[in-house]
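Read through the structure below, which is laid out as structure tokens, and then see the notes.
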Amino acid sequence: MKELIHEYAQGYELLRASIDGLSEEQMRFRPAPGKWSIHEIIVHVTDSEIVGLHRFKKVLAEDRPLLTAFDQDKWAAQLRYHELDAGQYLLLFKFLRESFLPVLSRLTEDDWQRVGIHSEAGPMTFAQLLQKYVDHIRDHLRQIERVKAAMS
Numbered sequence: 001m002k003e004l005i006h007e008y009a010q011g012y013e014l015l016r017a018s019i020d021g022l023s024e025e026q027m028r029f030r031p032a033p034g035k036w037s038i039h040e041i042i043v044h045v046t047d048s049e050i051v052g053l054h055r056f057k058k059v060l061a062e063d064r065p066l067l068t069a070f071d072q073d074k075w076a077a078q079l080r081y082h083e084l085d086a087g088q089y090l091l092l093f094k095f096l097r098e099s100f101l102p103v104l105s106r107l108t109e110d111d112w113q114r115v116g117i118h119s120e121a122g123p124m125t126f127a128q129l130l131q132k133y134v135d136h137i138r139d140h141l142r143q144i145e146r147v148k149a150a151m152s
């Protein structure tokens with residue numbers, strides 16, 4: 001589990017590095033109608049992290065809690081991600097990840113096997129849930145690279 005925690009801890013630096021040197025115009029570039037800009041991806045990743053921390057804490061503190069899904073596209077549209085400050089959201093992402101590392105470092109083997117019930121994916125152990133959030137950042141890093149490539 002140490003490797004998983006390490007990957008989780010690297011999320012902010014990987015995100016920050018992926019947007020380093022981009023102008024505001026580049027951050028707001030949409031590769032196609034209906035597709036997210038890098039700006040919107042950063043806000044989404046942070047909102048997802050907020051939801052994730054809530055899910056993590058529920059799984060660790062409650063017995064088989066329900067972990068509800070959310071409609072990411074509706075959040076992006078209704079919350080007007082394009083109007084929010086991506087820089088603030090990136091820092092918030094950093095602080096959210098850093099704030100949870102002490103909890104992760106103290107988990108027992110039993111904690112890693114605790115289960116939550118995701119409203120779409122079904123039962124998930126804490127380890128599976130954390131892996132999902134590590135993979136989520138990887139997926140969006142690839143998406144950011146695709147958006148950057150579309151700018152050329």
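Mapped onto full-length UniProt numbering, the consecutive letters of the sequence shown carry residue numbers 1 to 152.
From the three backbone atoms N, C-alpha and C, an ideal C-beta is built for every residue, glycine too.
Keep in mind the model is a prediction, meaning the values are calculated, not measured.
7 Å Cβ shell around residue i - same chain, five flanking residues per side excluded
i, result
"Gln131", "Leu4"
"Arg64", "Val115, Gly116 and Ile117"
Of the residues the options, the one placed nearest residue i, counting alpha carbons only
i, options, result
"Trp112", "Val59, Glu83 and Asp139", "Val59"
"Arg146", "Ile19, Gln10, His118 and Val43", "Ile19"
"Ala69", "Ala121, His82 and Leu15", "Ala121"
"Gln10", "Lys148, Met151, His136 and Gln143", "His136"
"Ser48", "Ser152, Ala127 and Asp139", "Asp139"
"Glu98", "Ser23, His39, Ile41 and Leu53", "Leu53"
"Gly87", "Gln143, Leu107, Leu101 and Arg28", "Arg28"
"Leu22", "Leu101, Ser37 and Lys2", "Ser37"
"Met1", "Leu101, Lys148 and Glu62", "Leu101"
"Ile50", "Glu109, Tyr133 and Ser152", "Tyr133"
Close Cβ partners of residue i (< 6 Å) along its chain, the five nearest in sequence each way excluded
i, result
"His118", "Leu67 and Met124"
"residue 166", "Outside the displayed span of the chain (1 to 152) sits residue 166, for which this structure offers no information."
Cβ pair residue i, residue j closer than 8 Å
i, j, result
"Leu96", "Arg16", "no"
"Glu40", "Tyr81", "yes"
"Gln78", "His44", "no"
In chain order, which continuous runs of the alpha helix (DSSP H) of length 4 or greater are located wholly inside the UniProt domain "DinB-like" (9 to 144)?
-> Runs of the alpha helix (DSSP H) inside the UniProt domain "DinB-like" (9 to 144): 24 to 27, 38 to 61, 72 to 78, 86 to 105 and 109 to 112.
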